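Here the numbering used here is used: the first residue of the sequence shown is 38, the next is one more, and so on.
For glycine and all other residues, C-beta sits at the position ideal for the given N, C-alpha and C.
The model shown is predicted, which means the values in this text are computed figures rather than measured ones.
Below is one structure, written out as structure tokens, with a few remarks after it.
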Amino acid sequence: MRGISVYLSEELTSASIDWIERMREAGFTSVFTSLHIPEDNPTTYTERLQQLGELARRLKMELVADIAPSSLQALSKTWDDAYTLLEWGVTGLRVDYGVTPKQVADLSRHMKVALNASTLTETELEEMHRYGLQRERVEAWHNFYPRPETGLDRTWFDDGLSN
38 MRGISVYLSE ELTSASIDWI ERMREAGFTS VFTSLHIPED NPTTYTERLQ QLGELARRLK
98 MELVADIAPS SLQALSKTWD DAYTLLEWGV TGLRVDYGVT PKQVADLSRH MKVALNASTL
158 TETELEEMHR YGLQRERVEA WHNFYPRPET GLDRTWFDDG LSN
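Below, the structure written as structure tokens:
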């Protein structure tokens, strides 16, 4: 999977839409966005997420949003209806803290779910399975770090690739 990141702190302009279209033509098939970067304004999320979802749908790209309970509230959603984000063009949710194994399993019945590979425990995964996790809709991702001072240590990453 080759993907790009688009952040909702910036509105979609004709220039950014052109860039996303060029990335699609270059073979990128996935768009990642975050709905819980603390310095972003959550009041703009709904409209911008819907616009990005429509663009991703038109370009036949998946759209995965990093989400937390507080970001669902900003979108007037709950865990019980989070899957309705599919109507906005969101094809998957990347979940982390504050999401229970039952909520993950429930989401997996409707859409792709990306789990945090850096923090996921075997016990949590077993509990998700007990609640009916749909394995074919679940992936484990390491965190994406949009700032240079964050992220996996380069040596740790390189060592992991060689093993």
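Expected contact under 8 Å - CB spacing of residue i and residue j to nearest Å
i, j, result
"Thr128", "Glu99", "4 Å"
"Ser67", "Arg39", "7 Å"
"Arg85", "Leu49", "7 Å"
"Glu47", "Ser53", "7 Å"
"Val101", "Phe69", "5 Å"
Length of the line joining the Cα atoms of residue i and residue j
i, j, result
"Thr81", "Val141", "26 Å"
"Leu109", "Pro138", "17 Å"
"Gly169", "Asp117", "15 Å"
"Arg146", "Lys114", "17 Å"
"Val175", "Val43", "22 Å"
"Arg172", "Trp125", "24 Å"
Reference residue i; option with closest CA among the options
i, options, result
"Asp103", "Glu124, Leu45 and Arg39", "Leu45"
"Gln209", "Gly64, Leu112 and Ala105", "Since the displayed the chain opens at 38 and closes at 200, residue 209 lies outside it and no answer follows."
"Ile41", "Leu89, Thr83 and Glu84", "Leu89"
"Thr156", "Leu123, Arg95, Arg85 and Ala177", "Ala177"
"Leu152", "Thr115, Trp56, Ala105 and Arg167", "Ala105"
"Tyr134", "Glu58, Ala119, Leu123 and His73", "His73"
"Leu144", "Glu159, Arg59, Glu58 and Leu123", "Leu123"
Buried versus exposed call for residue i [16 or more other C-beta atoms within 10 Å across all chains shown]
i, result
"Ala93", "buried"
"Asp149", "Here the sequence assigns Lys to residue 149, which means Asp is not the residue at that position. Classification for Lys149: buried."
"Arg131", "buried"
"Asp55", "exposed"
"Ala119", "buried"
- Item | Whole runs of the beta strand (DSSP E) within the segment 70-135, excluding any shorter than 3 residues | 99-104 and 129-132
- Message: So within the segment 135-171, which uninterrupted beta strand (DSSP E) runs reach at least 3 residues, ignoring any that extend past its ends?
- Response: 149-153
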